[in-house]
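Q: Dumping the structure here so I can ask a few things about it.
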Amino acid sequence: MTEQIPSQPPSRIELERCYRLPERDALQALAEFRLDPEQAFAADARARALAQALRARRSHGSGVDALMQEFDLASREGQALMALAESLLRVPDAATRDALLADKLQSANWGTHLYRSPSLFVNAAALGLSLACRIARAAKPDVGGMSHLLARLSEPLNRQAVAQGVQFLGSQFVAGENIAEALGLAAERRARYGWLYSFDMLGEAAVCADDALRYYAAYSHAVRSLGFQPKGDPVHGRHGISVKLSALHARFHWSQSARVHAELYPRLLELARLSAACGIGLTIDAEEADRLDLSLDLFDRLLAEPDLAGWSGLGFVVQAYQKRALALVDYLTDSARAARRCIAIRLVKGAYWDAEIKRAQVAGAVDYPVYTRKVHTDLSYLACAQKLLAARDVLHPQFATHNAHSVAAVLALAGDARGYEFQCLHGMGELLFRCLHELDAPSPMLRVYGPVGRHADLLAYLVRRLLENGANASFVHRVLDSRVDLDKLLADPYAAAAASGWTPNPRLPLPRDLYPQRLNSLGIDLSAANERAAMSEYIVRACDTLREVRPILAVPLQQAVAPRAMLSPGDWNCAVGAVYEIGHKDVTPAVCAAQRSAWPQTAAHERAAVLHRAADLIEDNGRELAALIVLEAGRTIPNALNEVREAADFCRYYAQQLKSGVALGLPLGPVVCISPWNFPLAIFTGQIAAALAAGNPVLAKPAEQTPFVAARAVGLLHAAGVARDALQLLPGDGMVGAALVREPEVRGVLFTGSCEVAAEINATLAGRLPEVVLVAETGGQNAMIVDSTALPEQVVADVVASAFDSAGQRCSSLRLLCLQSDVADRIIDLLIGTLDEMSVGNPKAYATDIGPVIDASARERLRTYVEARRRAGRMLWRKDLGQTDLYGEFVAPVLLLVDHPGELTQEVFGPVLHVMRYRTAELDMLLDAINGLGYGLTFGIQSRMDTLAERAAARVRAGNVYVNRNMIGAVVGVQPFGGEGLSGTGPKAGGPLLLARLTRNAPPPRLGRPVLALPEAFRALIAWGEATAPGSAWLARARRYAEHSLWPTRLELDGPEGESNRLGFASRGTVLLIAAEPDEYLAALAAALATGNRVLVDRAAPLPLAQLPDVVQREIGLAADALAGRFDAVLCAAEPERAAQLRSELAGRQGPIIAVLERGAHDWPLERLVVERSVSVNIAAAGGNATLMAQVE
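Numbering-wise, numbering that gives the first Met the number 0 puts 1036 at position 1037 of the sequence shown, and it's gapless, one number per residue.
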């Protein structure tokens, strides 16, 4: 079942070697390239003449160039324009268009741009946008009077005017809405200037089969239309076509190579044959770096087709920003010579730079596939140009650039105008080449890249063009800015690279150095064939190995237990091995051994060193661990590798906290870690690493379904230096976990699993003295809200990942998709089309998207639930598994209809997604209904409106909120993970509060920076105390609370480019106060108010209610029997026995686990009166990362 990776020829091996080459090494090859003095002089003179001509011609321009000069993308105004350009035209409903306009226009200060530009067009645009902003402000519901009425009447005109403005922007970059219109433009331009065109169909990658067929039909029609050009001209003397391979197949990805060759290649071959018959050129466009190998495979097949042998129109695109660009030119040149064919090579700088940077950082790659300095890309471009010009006997070079120095350097290198051409983008570069023609006649032919399509398909392409025009570092932007010195603008790339010491961009750390204080975990790039081959060997080895797992204890075993055989859930033919579970007689001796451990006396820096070694060992053995996860837990290979990374991240994160001197108390003592099967390595290791970092010996009880990877992890931790009595492995079923929790010497429990088991553990621990720490992370009914501003294709990609990755077996998985009714049908159709393309199968295969569920009982629960919903008529779609021989625990992915969140009465842990529609006016009610489910783990928002996203994030009660991205894969220290309510107790895993919680008497944490004033009621209470009892003890304590409250603070967390990640704190809700003395009540009241909470007290409480300020009284609820009321936490200023009794009583309640807090060595633990809220925003969702583009050097 494991895939066989074909061997690679030497030339492809060289390409692979250069893929992520260190930038300094890649630059060594470029350092050999330099224009000779005569060429450099000629290039500089011509470049200056071109730049001066451009400035003269465009100084009073009236198009996009002038607009971007005024509203550059580093400004709020430029970003608002880009966001409107990306989203406004696709919004179908007037109400949301108005809301989007208000959101974007009011975020900027348009008045500062009035009458500043020499362009009448730009000044008119600034005035129009300023007026539109004023109309949007006056139309808000809280504005009254005549101005509000006039604004409401003006909204339709406002809406139409801005929409027409966006359409105008788009029209600058599109050759025509259809191929006939585009050919008409091309004919006019050819007659006037002699230009040729290469046409492409607007749109991004296909997401479903219908998309791919539509693109194929459009390309075919375009080729046939181009065939009607006058005969007689050679292929490169005629208009041609450019093809995006990702548009021709919904799964154009290395993992789907077999399908791509079987399904996409016949379409591509037919287009090539048709192009050859019509006598035109067909160029395969460049896409993301991880698609290059597969693109080359298809190109090589075309090159070998006998019936295309006489056609010289086949072309390929080389991106100069890739470190393997030179090697790729060599490969293509050798391929052309071997095939005895002439091929066209379009050389571009590259259009996905920001995306490649982010992708490498997220993946923990060894290095970037692209250069990090613009001058390095420019130098690479000229080095590739030299190679291309030297091979004009078999290549037809096509130099696509808008940079005057690049044009001038190519001309200097070529020495003549024969055998090559220049290219530019429609709407961006034509003026440069008109200036060139006026300065240098005859000049090489110009071919214009002309997108064709409807405005509805334009948006993503338009944003890329705006980024290129508006980014501060781009030549197109800077050449028009008279403040930019021409010497700097036109500097020779070789000299500029040498001046910077041939070093990478210091603003962009390597992916592994992403975090300032710790290493990012190392990823394995499966897009590289050699990495896939290596991983496949480990999969085979894992399947061929029979293994045993036994308890790993610090004392001799006393009870023999018969082994239990285990099969892989993804393949019943594959035996995982035999597990010898621990007997009940061995539980107490193991706990006693942990109690005697010397680990609590180990210094913090030594514990940190051990965890660092553990992280290194986990990475060193990453493929073996991943293979075990695939085999034992049924996770796909990419999932398994990501889990290895997460385990290493946990170790390094907690080690870094120790090294940075995080304030901890004394170790608790023996801690039980009970982990789930769905993350058998990451959560298992994360729990252990946190407990060990805090100085506690650990008794680890893995899930009964996944003991093998747990045993291997324990072995690695021991090898890293953890003593055997500090970490023991106790494999077994739930009864073993229950026995461990009952042990009186246990001082803490870390649990991840179901709400029901968490409640049972809480009931067992509740009455114990001293209090046993319980940190529980349970499930969620996780929802995503999608409004009509969101990009449907992006929504579908994020929904598929969120709901069906890991077969929906993540506690963070999406369970409820809420679609604005105006776009629901479109998104549902796309979602079904995308899911139809997904592969359900054996996780050992790279082509598998969705693997099995964990075991037979899970499979039957899911099938029973789905069947009940089907009988109720709520089945929207179910994946047809066909006749596939799936010999394992497989469940078909399903979409189910619901009308209200309340229909989700149980957590459905598998590939099942509920879908509902909502109207915009119902949003707040919908959010309240989601809150009403009682869970609070993850929540997603898909919207281009920042105000709506902020409103929803503030209203919903969820520990992890994700905006315009998927809802899974929280990264340690970047998106600290954990929920509230029925979803867990806190603190978050991979967050700043967990280690202190696993110690006794830890001092108050100092985190983040205040972004809010302390709550009004708290400030009023302090003022009242200072006026009535300035020397009181409770007031002195309350003043300290002002310093220690986390409620007003926020942490901006380090993460990859294109994301914003922050950790904030919200009040728990209502806090019950129990005390005997008035001063204790007042201090408890101050603690609750300082953290933003309301309070509940008994009517008989000795609290001077009537004397308190009104604003304080409004935050206090009274009850005859307060303990019978609803509250979220308790502050208990009573004897420990009373607190234990309260815990026991509350443990018998249905609902969330309620913390009963006592005063400690540092007064009330204020950090437990707040909940942590992680918010992760994809700031590049609108088409690109303007901030990163502005940093290019």
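Even for Gly, the Cβ is constructed at its ideal location relative to N, Cα and C.
Since the model is a prediction, treat every value here as computed from it, not as a measurement.
Hey, could you find the ends of the alpha helix (DSSP H) R75 is sitting in?
A: R75 to S86 is the extent of the alpha helix (DSSP H) around R75.
Q: Are there 16 or more other CB atoms within 10 angstroms of the CB of R336, so buried, or fewer, so exposed?
A: So R336 ends up on the exposed side.
Q: At what residues does the beta strand (DSSP E) containing R563 begin and finish?
A: From DSSP, the beta strand (DSSP E) with R563 extends over R563 to S567.
Q: Report yes or no: is there a C-beta of chain D within less than 8 Å of the C-beta of F315?
A: No chain D appears in the structure shown, which is made up of a single protein chain.
Q: Leaving aside the five residues before and after R711 along the sequence, list all residues of the same chain whose C-beta is less than 8 Å from its C-beta, in chain order.
A: Here the set comprises N620, E623, L624 and L627.
Q: Does the Cβ-Cβ distance between K322 and D284 come in under 8 Å?
A: No, the pair does not count as a contact, with Cβ atoms beyond the cut-off.
Q: Could you tell me the distance, in whole angstroms, from the CA atom of L1045 to the CA atom of F1064?
A: Going by the C-alpha atoms only, they are around 6 Å apart.
Q: Leaving out the 5 sequence neighbours to the left and right, which residues in its chain are closer than 7 Å to A1086 when beta-carbon positions are compared?
A: Result list for A1086: Y1040, L1130, W1163, L1165 and L1168, in chain order.
Q: Do the CB positions of V713 and G747 come within less than 8 Å of each other?
A: No, the pair does not count as a contact, with Cβ atoms beyond the cut-off.
Q: Return the chain-ordered ranges of every alpha helix (DSSP H) run that is complete within the stretch 1117-1147 and spans a minimum of 4 residues.
A: Within the stretch 1117-1147, the complete alpha helix (DSSP H) runs of at least 4 residues are 1135-1146.
Q: Taking its Cβ as the centre, do 16 or more other Cβ atoms sit within 10 Å of E437, making it buried, or is it exposed?
A: The residue is exposed, with fewer than 16 neighbouring Cβ atoms inside 10 Å.
Q: Could you check if A1160 is buried or exposed, using at least 16 other CB atoms within 10 Å of its CB as the buried criterion?
A: Exposed, because fewer than 16 other Cβ atoms sit within 10 Å of the Cβ of A1160.
Q: Do V560 and A738 have their C-beta atoms within less than 8 Å of each other?
A: No, they are not a contact pair.
Q: Give a yes or no on whether the C-beta atoms belonging to E262 and H252 are separated by under 8 Å.
A: Contact: no.
Q: Specify, as a first and last residue, the run of the beta strand (DSSP E) that F750 falls within.
A: Segment G747 to T751, the beta strand (DSSP E) holding F750.
Q: I think D210 touches P450, with their Cβ atoms under 8 Å apart; what is that distance to the nearest whole Å?
A: Between P450 and D210 the Cβ distance is about 17 Å, and since that is not below 8 Å, they are no contact.
Q: Below 8 Å, can you find three or more Cβ-Cβ pairs linking the stretch 799-806 to the stretch 946-960?
A: The answer is no - the stretch 946-960 does not touch the stretch 799-806, with fewer than three Cβ pairs under 8 Å.
Q: Taking the Cβ atom as the reference point for each residue, do E1079 and K357 lie within a distance shorter than 8 Å?
A: Contact flag unset, no.
Q: Helix, strand or coil for N1184 per DSSP?
A: Three-state result, N1184: coil.
Q: Kindly indicate which three-state DSSP category L489 falls into: helix, strand or coil?
A: L489: coil per DSSP, three-state reduction.
Q: Applying the 10 Å Cβ sphere with the 16-neighbour rule, what's the burial state of R482?
A: So R482 counts as exposed.
Q: Answer yes if the stretch 544-559 comes into contact with the stretch 836-855, meaning at least three C-beta pairs across the two stretches below 8 Å, and no otherwise.
A: Touching, no.
Q: Of all the options A42, L1145, A1082 and T1048, which has the alpha carbon lying nearest to the alpha carbon of A1035?
A: Considering only alpha carbons, the answer is A1082.
Q: Around the C-beta of V794, are 16 or more other C-beta atoms found within 10 angstroms, so that it is buried, or is it exposed?
A: Label assigned to V794: buried.
Q: Which word fits G193, buried or exposed, when buried means at least 16 other C-beta atoms lie within 10 angstroms of its C-beta?
A: When all chains shown are included, G193 counts as exposed.
Q: What do you reckon, are the CB atoms on P1108 and A1032 nearer than 8 Å?
A: Not closer than 8 Å, so no.
Q: Where does Q793 sit, in a helix, a strand or coil, going by DSSP?
A: Note: Q793 maps to helix in three-state DSSP.
Q: Could you pull the start and end residues of the alpha helix (DSSP H) that S405 belongs to?
A: Its alpha helix (DSSP H) spans residues A403 to A413.
Q: Distance check for A692 and V671, CA to CA, integer angstroms please.
A: Rounded to whole angstroms, V671 to A692 spans 14 Å at the Cα level.
Q: With burial defined as no fewer than 16 other Cβ atoms inside 10 Å of the residue's Cβ, what is the status of M783: buried or exposed?
A: So M783 ends up on the buried side.
Q: Looking only at its own chain, which residues have a Cβ that is under 7 Å from the Cβ of D724, when we skip the five neighbours before and after it?
A: Counting only Cβ-Cβ distances below 7 Å, and skipping sequence neighbours, we find A553, A592, A593, R595, S596 and P696.
Q: Would you tell me roughly how many angstroms separate the C-alpha atoms of L128 and D71, rounded to the nearest one?
A: Taking the straight line joining both Cα atoms gives about 15 Å.
Q: Please give the ranges of any beta strand (DSSP E) in the stretch 261-346, keeping only runs that are unbroken, at least 3 residues long and fully inside the region.
A: The stretch 261-346 contains these whole beta strand (DSSP E) runs: 281-283 and 313-318.
Q: Taking the alpha helix (DSSP H) that V586 falls in, what are its first and last residues?
A: It spans V586 to Q594 - the alpha helix (DSSP H) in which V586 sits, taken as one unbroken run.
Q: Does the stretch 392-403 come close enough to the stretch 412-419 that 3 or more CB-CB pairs lie under 8 Å?
A: The stretch 412-419 is in contact with the stretch 392-403.
Q: Scan the stretch 963-999 and note each continuous alpha helix (DSSP H) run of 4 residues or more that stays entirely inside, going in chain order.
A: With a minimum length of 4 residues, the continuous alpha helix (DSSP H) runs that stay inside the stretch 963-999 are 993-996.
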